[in-house]
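Everything on this sheet refers to the single structure shown next.
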Amino acid sequence: MSSSATRHAVTSARRAGAGDGTGSVELRSVRKSFGGVTVVQDLDLSVNPGEFLSLLGPSGCGKTTTLRMLAGFEQPDSGEVLISGAAVQHLPPHKRDVNTVFQSYALFPHMTVAANIAYGLRQRRGIDRAEIRSRVSEALDMVQMTRFADRKPNRLSGGQQQRVALARALVNRPSVLLLDEPLAALDRKLREDMQVELKLLQSRLGTTFVFVTHDQEEALSMSDRVAVMLNGRIEQIADPYTVYERPATAFVAGFIGQQNFFDGTVADGGRTIEIDGGTVLLAEPVTTPGSGAAAVRVAVRPEAVAVAEAAPDESDGSANALPGTVAAVSLLGDVLQYVVHADAGHELLARVPRRQAGRLAEGARVRCSWAPSDVHVFPAEATPRAPIGSAK
Amino acid sequence: MSSDRRGPRAAWRAVPSGLLATPALAWIALFFVAPVGLVFWYSLGRKPGLYQTHANDVLTLDRYREALGDTFLTSFAGTLRIGLAGTALCLAIGLPFAYWLAVKVRPHRRFVVLALVLVPFWTNFLIRTIGWQVVLSPEGFASRAMQSLGLIDTPFSMLFTRGAVLLGVVYNYLPMMILPLYVALDRVDGSLREASKDLGANRWRTALQVTLPLARPGIAAGLLLVFIPLMGDYVTAAVLGGARGNMVGQLVASQFQQAQNWALGSAMAVVLIVVIALTILATAAVGAACTWLLTHRRRRELAGIAEGSPA
Chain A
18 MSSSATRHAV TSARRAGAGD GTGSVELRSV RKSFGGVTVV QDLDLSVNPG
68 EFLSLLGPSG CGKTTTLRML AGFEQPDSGE VLISGAAVQH LPPHKRDVNT
118 VFQSYALFPH MTVAANIAYG LRQRRGIDRA EIRSRVSEAL DMVQMTRFAD
168 RKPNRLSGGQ QQRVALARAL VNRPSVLLLD EPLAALDRKL REDMQVELKL
218 LQSRLGTTFV FVTHDQEEAL SMSDRVAVML NGRIEQIADP YTVYERPATA
268 FVAGFIGQQN FFDGTVADGG RTIEIDGGTV LLAEPVTTPG SGAAAVRVAV
318 RPEAVAVAEA APDESDGSAN ALPGTVAAVS LLGDVLQYVV HADAGHELLA
368 RVPRRQAGRL AEGARVRCSW APSDVHVFPA EATPRAPIGS AK
Chain B
55 MSSDRRGPRA AWRAVPSGLL ATPALAWIAL FFVAPVGLVF WYSLGRKPGL
105 YQTHANDVLT LDRYREALGD TFLTSFAGTL RIGLAGTALC LAIGLPFAYW
155 LAVKVRPHRR FVVLALVLVP FWTNFLIRTI GWQVVLSPEG FASRAMQSLG
205 LIDTPFSMLF TRGAVLLGVV YNYLPMMILP LYVALDRVDG SLREASKDLG
255 ANRWRTALQV TLPLARPGIA AGLLLVFIPL MGDYVTAAVL GGARGNMVGQ
305 LVASQFQQAQ NWALGSAMAV VLIVVIALTI LATAAVGAAC TWLLTHRRRR
355 ELAGIAEGSP A
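Protein chains in written order, with this note's numbering: chain A, 18 to 409; chain B, 55 to 365.
Structural data, given as C-alpha cells:
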C-alpha cells in the first residue's frame, strides 16, 4: 500500500507540471458499433497529462476500437473525444496531435529506417532539413538504432522493427502516444526488456501513453493506471495495486491474476458466507440488498491460500478452511502451485513460495485455509468468462 | 534394378531442378525464339518473284530502307500515338478503379466486381469490337437516340476515326491494366496507409508517398501488358478505324498475306519490335529518373546518419 502511495505522489507531481492540459485525453459517453454490434458503449475515460494508462481486457472488449477512435481511424457514433482539452472526434488522423505504434509496426517497406522516422517530420511545414536530420538522429539514438539507419525494415528483427516504430512515432513529439499491443509479437524475454525500456522512456519524456494490451502482467508492471474493459465498458479503472488487491467486479478479480471462486449465500447478518462444505468468514460484514440469503461469489487469490498437511481422519472444514487431496503439483519458478480437490467438490489453486514449505506429494491429505482479509465478495451475477478454480 | 528402395527417389533428386523448366523453355525456343529469328533472317532477304514469298540468296538491308518509307512511317507514328495514348488512358482509368476495388470495396464484394471486369472476356474479341461498330455507326441506335434527345444535330461521325480506334483499344485492354494493378494495390497493407495518415500525411500524400510507390511492380506489369499487344493489334484498327485507323500491325499483316512479300513484312515486324523495346526502355528510364528525383532530397537529408556524421 505504501509503495502505491509513493507511485501516486510521483504521478501527481508530473501532472502538476503540465498544467495547461496538453497531453490529456478524455472520452465522454462514447459509443461505437459495427454492423449492429455495439463494440464500445457509453465509455467515459479521462487520462491525465503524462500518465501511462493501459486499456486491458480480453479480445473483443473494445480496447483497440477505443484506441482507434483516439487516433482517428474510427469515428464514434456518438459522444466526444477530447485531446489536450479540444474536441477532435471529427478530425481526420493526420490533423490530430497523437501518434500510434501499431501492433504490426506498419513500417514503410520501401524506405530506410531513417526515412521511416523522418516521414512524420517531412509532412509538416516549417521544419528545415537540418532540424529533420538532427531530430531523426536523436530519435535513432534514443532507441539505439543509429547503426541501422540505412537499412530497410525487412532486414531488421522483430525487436528492432519495434524500436523503429516507436522512434517513428515519438520523433513527432506528440502530446499523446497510442500503443496498440506493441509488444505482442516479441518473445517473452525481449518483451520483458522492452516493458522496462518503454516505462523508463515514458517517465523521461513525460508524454501521455495510452497502451492497449490483453496481457495483465504487462499492464500491471508498466501503468500508472489500468482500465479493465469488458464488453465495451470499463469495469474498473485504478492504479495496478488497487486493481489487483481490491478488484471491483468478479470479472476483474478473475482477469487480473488467478482466483479461487466459490458460490455461496450470505449468512449471519453479512459476517459469513456459507459455501458447499464450509463457511467463509469475512473481515468486514457485507451489506446485501433485500433480505434473506443473498447469492454471492467469493474470491480468494491462490497465493493467499495456505496448504498444510492434515491428519487422514480430519474431514470437517472449519471456517475459512477446506479439507481436500492434492491433485497436482507444479513448479512455477519461485513458487509451487498445488491443485487441490476439496472434499466438497471445489477445485482450489494454491501457490506457496518454494523455499517456505516442504513439497507435498500428489494424493496427500491437506487442509487449505486463508485469512478473512484475503476474501473478496461479489454479487453472484453470471461472469462471462469461467475463471480458473471456480466451484462446480 | 536397384534393391535399395530409396534408389529411384535418390535418382530423381539427382536430376537438376532446372529440368522442371524444360517444357516451358522448349516451348519458348520453338515457338518464340525460332520464329523471331526466322523473321529477322527473312528481313535480310528479298522477294525474288511473283510466286515466291522470300529468298535469302542475297543478304541486304534494302527491305529496311523500303520499310522506312513514307507510308510506313506515317502509319507508324499513328500507331505509336495510339499505343501511348491508349496505354496512358488505360492507366488513368484503371488506376483509380483498381484503387477503389482494392481499398474501398468490402472484401466479400470484390469478387463480384472483379467478375464484372472480366465479363467482356467471355465474348470473342472480334465480336466485342464489331459490337462497338454497331454502337458507333451513324445509323446506330446510340446515334439515333442522341439525335432524338436533341443532344446532337447530325449523325455521329465517330466510326472509322482514330478516336474510335482509341476507344476500342481502351475497351479491349483495360482489364489487362486493372488486374495487375488490383493485385499490387491489394498487397499494400492497410495499416501502412493508416500509419501514413497517423504521421500527418493526408490521403493524397499517402497515395503518392506510400501506396503508389509500393504498387510500382503492378503499374509496370499493367503498362507492359497493355502497350505491347496494343502496338501489334490490327483487328481493332481494321474494324473501327477503317482506312484512317491504319496501324502498323495491318501493314505487316498485308505484306505477309496480300502482297506475299515476307521479306518486307519481316523487316517491318523487326522495326516494330525494336521500337516497342526502345519505348519500354525509355519509359523505364523516365520512371527510374522520376523516382530518383523524388527520393533524392530524402536521401541527401539523411545520408550518413548511420555513421553519426554531423549535419
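A virtual CB, placed ideally from N, CA and C, is assigned to each residue, including glycine.
Q. Where do the N-terminal and C-terminal ends of the beta strand (DSSP E) with residue 361 of chain A fall, by residue?
A. Neither: residue 361 of chain A is in no beta strand (DSSP E) and is coded neither H nor E.
**Q.** Which residues DSSP lists as bridging residue 281 of chain A, in chain order
**A.** A/292, A/313
Q | Any C-beta of chain B under 9 Å from that of residue 220 of chain A | A | no
Q) Cβ atoms of residue 346 of chain A and residue 320 of chain A: under 9 Å apart, would you say? A) The answer is no: Cβ separation not under 9 Å.
Q) How about residue 303 of chain A and residue 277 of chain A: are their beta carbons less than 9 Å apart? A) no
Q | Cutoff 9 Å: residue 100 of chain A Cβ touching any chain B Cβ | A | Chain B, which has no Cβ nearer than 9 Å to the Cβ of residue 100 of chain A, makes this no.
Q: Closer than 9 Å, Cβ to Cβ, to anything on chain B: give me those residues from the region 369 to 380 of chain A, in chain order.
A: Listed in chain order, the positions of the region 369 to 380 of chain A with a beta carbon within less than 9 Å of a beta carbon of chain B would be empty, since no residue qualifies.
(Q) Between the region 287 to 298 of chain B and the region 215 to 226 of chain B, can you find at least three pairs of beta-carbon atoms closer than 8 Å? (A) Taking 8 Å as the limit for Cβ pairs, the verdict is that the region 287 to 298 of chain B does touch the region 215 to 226 of chain B.
**Q.** Residues of its chain near residue 276 of chain B, where Cβ-Cβ distance is below 6 Å and the 5 sequence neighbours each way are ignored
**A.** 231, 234, 235
Q.
Going by the DSSP bridge assignment, what does residue 273 of chain B pair with across the sheet?
A. Residue 273 of chain B pairs with nothing; no bridge assigned.
Q. Quick one: any contact between the region 110 to 118 of chain B and the region 303 to 312 of chain B, if contact means 3 or more CB pairs under 8 Å?
A. no
Q: Identify, in the order they occur along the chain, each residue of the same chain with its Cβ nearer than 6 Å to the Cβ of residue 241 of chain B, setting aside the five sequence neighbours on each side.
A: none
Q. Any idea what DSSP makes of residue 133 of chain B, helix, strand or coil?
A. helix
(Q) So, at 6 Å on beta carbons, what are the nonlocal neighbours of residue 135 of chain A in its own chain, with the 5 sequence-adjacent residues on each side left out? (A) 149, 153, listed in sequence order.
**Q.** Buried versus exposed, by CB contacts within 10 Å (16 or more), residue 235 of chain A
**A.** buried
Q.
Excluding the 5 residues flanking residue 180 of chain A on each side, which residues of the same chain have their C-beta closer than 6 Å to its C-beta?
A. 160, 162
Q: Report the residues of the region 132 to 143 of chain A with a CB closer than 7 Å to any CB of chain B, ordered along the chain.
A: 132, 135, 136, 137, 140, 141
Q. Hey, out of A/275, A/292, A/386, A/90, whose CA is closest to residue 253 of chain B's CA?
A. Taking each of A/275, A/292, A/386, A/90 in turn and checking the Cα distance to residue 253 of chain B, the smallest one comes out for A/90.
Q) Cβ atoms of residue 200 of chain A and residue 212 of chain A: under 9 Å apart, would you say? A) yes
Q: Go ahead and pull the three-state DSSP assignment for residue 262 of chain A.
A: helix
Q.
I'd like to know if residue 251 of chain B contacts chain A, where contact means its C-beta is closer than 9 Å to some C-beta of that chain.
A. yes
Q: Can you tell me which of the three DSSP states residue 195 of chain A falls into?
A: strand
Q. If contact means a Cβ-Cβ distance below 7 Å, which residues of the region 168 to 179 of chain A contact chain B?
A. none
Q: Give me the Cα-Cα distance between residue 270 of chain A and residue 251 of chain B, rounded to the nearest whole angstrom.
A: 39 Å
Q) Of all the residues that make up the region 242 to 274 of chain B, which are near chain A by a beta-carbon distance shorter than 8 Å? A) Result list: 243, 245, 246, 248, 249, 250, 251, 252, 253, 254, 255, 256, 259, 263, 264, 267, 268.
Q | Inside the region 158 to 228 of chain A only - alpha helix (DSSP H) runs reaching at least 4 residues | A | Whole alpha helix (DSSP H) segments, 4+ residues: 175 to 187, 205 to 222.
(Q) Using a Cβ-Cβ cutoff of less than 8 Å, which residues in the same chain neighbour residue 381 of chain A once the five nearest sequence positions on both sides are dropped? (A) 326, 342, 343
(Q) Helix, strand or coil for residue 210 of chain B? Go by DSSP, reduced to three states. (A) coil
Q: Give the C-beta separation of residue 356 of chain A and residue 366 of chain A to the nearest angstrom, bearing in mind that I take them to be a contact with Cβ-Cβ under 8 Å.
A: 6 Å
Q | Start-end ranges of the beta strand (DSSP E) lying completely within the region 58 to 116 of chain A, minimum 3 residues | A | The region 58 to 116 of chain A is shown to contain whole beta strand (DSSP E) runs of 3 or more residues at 69 to 73, 95 to 100, in chain order.
Q) According to DSSP, is residue 269 of chain A helix, strand or coil? A) helix
Q. Quick one: what does DSSP say residue 393 of chain A is sitting in, helix, strand or coil?
A. Residue 393 of chain A: strand per DSSP, three-state reduction.
Q | Residue span of the beta strand (DSSP E) that contains residue 342 of chain A, given as start and end | A | Its beta strand (DSSP E) spans residues 338 to 349.
Q: Please name the residue in A/107, A/376, A/53, A/85 whose C-alpha comes closest to that of residue 197 of chain A.
A: Residue 197 of chain A has its Cα closest to that of A/85, out of A/107, A/376, A/53, A/85.
(Q) Suppose contacts are defined by Cβ-Cβ distances below 9 Å. Is residue 228 of chain A in contact with residue 245 of chain A by that definition? (A) no
Q: Look at the alpha carbon of residue 243 of chain A and the alpha carbon of residue 256 of chain A, and state the distance between them as a whole number of angstroms.
A: Distance between the alpha carbons of residue 243 of chain A and residue 256 of chain A is about 6 Å.
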